[in-house]
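Please read the structure below before turning to the comments.
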Amino acid sequence: MKKLVCAGEILVEIMAERIGQSFRAPGPLVGPFPSGAPAIFIDQAARLGQPAGLIAAVGDDDFGHLNIERLRADGADISAITVHQGAATGTAFITYETDGSRHFVYNIKQSAAGLIEMGAEARALLAGADHFHVMGTSLFSPEVIEVARNGIEAVKRRGGTVSFDPNIRKEMLDLPGMRDALHFVLSKTDVFLPSGPELFTFAEATDEEGAAREMLDRGISTVVVKKGAQGAVHYDRSGRIASPGFVVDEIDPTGAGDCFAAAFVSFWLRGEGPKRALEIANGCGALAVTKKGPMEGIASLAEVEAFIATSRTGAPA
Numbered sequence: 178m179k180k181l182v183c184a185g186e187i188l189v190e191i192m193a194e195r196i197g198q199s200f201r202a203p204g205p206l207v208g209p210f211p212s213g214a215p216a217i218f219i220d221q222a223a224r225l226g227q228p229a230g231l232i233a234a235v236g237d238d239d240f241g242h243l244n245i246e247r248l249r250a251d252g253a254d255i256s257a258i259t260v261h262q263g264a265a266t267g268t269a270f271i272t273y274e275t276d277g278s279r280h281f282v283y284n285i286k287q288s289a290a291g292l293i294e295m296g297a298e299a300r301a302l303l304a305g306a307d308h309f310h311v312m313g314t315s316l317f318s319p320e321v322i323e324v325a326r327n328g329i330e331a332v333k334r335r336g337g338t339v340s341f342d343p344n345i346r347k348e349m350l351d352l353p354g355m356r357d358a359l360h361f362v363l364s365k366t367d368v369f370l371p372s373g374p375e376l377f378t379f380a381e382a383t384d385e386e387g388a389a390r391e392m393l394d395r396g397i398s399t400v401v402v403k404k405g406a407q408g409a410v411h412y413d414r415s416g417r418i419a420s421p422g423f424v425v426d427e428i429d430p431t432g433a434g435d436c437f438a439a440a441f442v443s444f445w446l447r448g449e450g451p452k453r454a455l456e457i458a459n460g461c462g463a464l465a466v467t468k469k470g471p472m473e474g475i476a477s478l479a480e481v482e483a484f485i486a487t488s489r490t491g492a493p494a
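Numbering (my numbering), first residue to last: 178 to 494.
Here's what the structure looks like:
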């Protein structure tokens, strides 16, 4: 099977236990949980049996080794994850508001995650890669943008493909080099995976189908608009396919979109049709939210298929 590679941040998440809890006062926390959008993506792909590796950096601390061991156990290629002696692994502390929103306190750019570089191990991993995946959240510094550019160009030179999940917050658009980086990535993209309104960040059209057609006219072969619990819509030059989501009890939404993207890209690389790829992706996204912790709901292909079977028939899970 084709090998996919991603580059970006690894961190741990530590979460408030109570809804409405504030970090401005002491309170109970749960974690640490392995996290980072690229790490979640690669872990889910590996659990589905797809050859997958990550270019990243962690500190030589418990948080870093927690992440490495999770990725290793789930079958990911960790050869290009650098362990730094003098820097700490990235962290994210999270509270949950009563309206369903979340509040984050990050330390990523100043952590080991900001020291990602295109070293010998990263070049060796890319030498065997058929596909490169880009997360918008990972383009947080000029140094990391350069790693992503190198990864894209290395894979494209050998006839490989690129997927892009913008996963971008508005405040990040003003970071140095961010807008240029986003447009460069989009110009090299084969599979575009925006979540809802993110599609309109890059299009002039104000309707979904019109915006998707703009992306296809730019040379992108596949556009998948992620809609969370409502499922997803697939666009290519042959038309539009909608796939419904699955009803589950949501515990923690973090990582659901990354799991969806990993599943869709993995099955796209296997040559599966959009109906099958979307169903598996929706199943992975649904299972991801049923446990607290970004990687705790990641499932194997057998587990996802069993979940889909029971969900579609209405049988008890």
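By construction, the Cβ of each residue, glycine as well, lies at the ideal position given by its N, Cα and C atoms.
Where residue i sits in the DSSP three-state scheme
i    : result
V311 : strand
D435 : helix
A234 : strand
M506 : An answer regarding residue 506 cannot be provided, because it is not within the stretch 178 to 494 covered by the chain.
D276 : coil
A494 : Unreliable placement is indicated for A494, whose pLDDT of 43 sits below 50; the coordinate value is still reported in the next sentence. If DSSP states are grouped into helix, strand and coil, A494 belongs with coil.
D220 : helix
L478 : helix
T378 : helix
E298 : helix
Distance between beta carbons of residue j and residue i, contact taken as under 8 Å
i    : j    : result
L231 : P215 : 6 Å
A233 : I258 : 5 Å
V402 : G373 : 7 Å
L376 : A389 : 7 Å
A289 : T314 : Wrong, their Cβ atoms sit about 16 Å apart, outside the cutoff.
Nearest neighbour of residue i, chosen from the options [CA to CA]
i    : options                : result
A463 : R447, G450, A483       : A483
N459 : P471, A419, I428, E294 : A419
G434 : F379, A325, G474       : G474
Q262 : P228, V339, F361, G236 : G236
E190 : I285, K179, A229       : I285
D342 : T378, T467, A289       : T378
L225 : I485, S488, T487, E480 : E480
L363 : K333, I397, G336, G387 : I397
S318 : E186, G336, E330       : E186
E320 : S340, R335, V332, G296 : G296
T338 : L303, A454, A193       : L303
DSSP bridge partner residues for residue i (one or two, in chain order)
i    : result
F210 : E190
L181 : A229, H308
I258 : A233
F369 : F341, V400
A269 : E190, Y283
Residue i - containing beta strand (DSSP E), residue span
i    : result
R417 : 416–420
D413 : 409–413
Residue range of the alpha helix (DSSP H) that includes residue i
i    : result
S332 : In the sequence under discussion, the amino acid at residue 332 is Val, which differs from the Ser named in the question. That run of the alpha helix (DSSP H) goes 319–334.
A454 : 451–465
A250 : 239–250
F361 : 355–364
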